[in-house]
Amino acid sequence: MTIFAAVSVHEDRPSPFTGDDVCLRAGLSLPEGTRRPLFDDDLWDFTEVIGLAVHIPLANRRFNFAAIGDPRWRLVAKELIMAVLAPRHLAVAELPRAYRTPLHLRSCIGRLNELTRFFRWLEQRHVAALADVDTHTCEAYLAFRRYILDEDGSVVGSRHERNLSSPHPRRMYTPSKRTYTRTLTRGHWRRVCRS
0 MTIFAAVSVH
10 EDRPSPFTGD
20 DVCLRAGLSL
30 PEGTRRPLFD
40 DDLWDFTEVI
50 GLAVHIPLAN
60 RRFNFAAIGD
70 PRWRLVAKEL
80 IMAVLAPRHL
90 AVAELPRAYR
100 TPLHLRSCIG
110 RLNELTRFFR
120 WLEQRHVAAL
130 ADVDTHTCEA
140 YLAFRRYILD
150 EDGSVVGSRH
160 ERNLSSPHPR
170 RMYTPSKRTY
180 TRTLTRGHWR
190 RVCRS
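0 is the number of the first residue of the sequence shown in numbering that gives the first Met the number 0; add one for each residue after it.
See below:
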């Protein structure tokens with residue numbers, strides 16, 4: 000599998016989702032009079048969506064993109080989540096490898112959580128742009144997610160040993176980057192990591 004990083008930036012191009020009603024595009028119903036989340040909002044609140052299972056925690060029904068500090072990366076996360084929520088959107092439908100079935104909100108919040116962790120981790124390392132993500136960065140992030148480190152950065156345990164495993168980060172967001180590259184406003188992706 001290959002990880003892709005941004006090569007060029009289209010700062011002048013608006014997002015194809017700008018101004019979109021997220022629930023309308025995703026086919027999610029809301030009660031009359033409920034505030035509808037818009038693509039440009041930093042918080043997409045799905046707590047009132049009709050038909051969601053009652054066991055889904057309220058925290059998993061609120062997509063807080065503001066947790067991603069860099070506004071450029073926040074936009075990339077919004078575009079990826081919108082693309083998998085609304086695969087029939089014109090900007091997504093024309094992509095040959097895009098998902099054709101919308102992902103459930105629970106799947107989307109998992110992807111957003113992983114993207115948030117990744118972008119925060121990059122910020123802590125002062126990585127300024129996705130174009131700066133290379134093989135060493137990818138390997139370091141995978142180690143960060145796989146191992147428990149002490150304050151000196153030494154490995155003191157494995158998340159798998161403690162049953163804290165999470166979806167493999169490459170599987171969590173890499174296919175989305177490669178598949179949705181033409182939809183992303185903030186860049187195209189190039190090969191940087193192989194497994």
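Cβ atoms here follow ideal geometry from the backbone N, Cα and C, with glycine treated the same way.
Status (buried if at least 16 other CB within 10 Å, exposed otherwise) for residue i
i, result
"S106", "exposed"
"A127", "exposed"
"P36", "buried"
"S153", "exposed"
"A58", "exposed"
"D151", "exposed"
"P13", "exposed"
"D19", "buried"
"T100", "exposed"
Extent of the continuous beta strand (DSSP E) to which residue i belongs
i, result
"F62", "R61 to N63"
"S157", "V154 to S157"
"L129", "Note, L129: premise wrong, no beta strand (DSSP E); not H, not E."
"L42", "L42 to D44"
Residue i - containing alpha helix (DSSP H), residue span
i, result
"Y146", "Element bounds for Y146: not the alpha helix (DSSP H) but the beta strand (DSSP E), Y146 to L148."
"L74", "P70 to L84"
"V21", "V21 to A25"
Beta-carbon proximity check, residue i vs residue j, cutoff 8 Å
i, j, result
"W43", "F62", "yes"
"L104", "R34", "no"
"V48", "L23", "no"
"F45", "L27", "yes"
"R116", "I80", "no"
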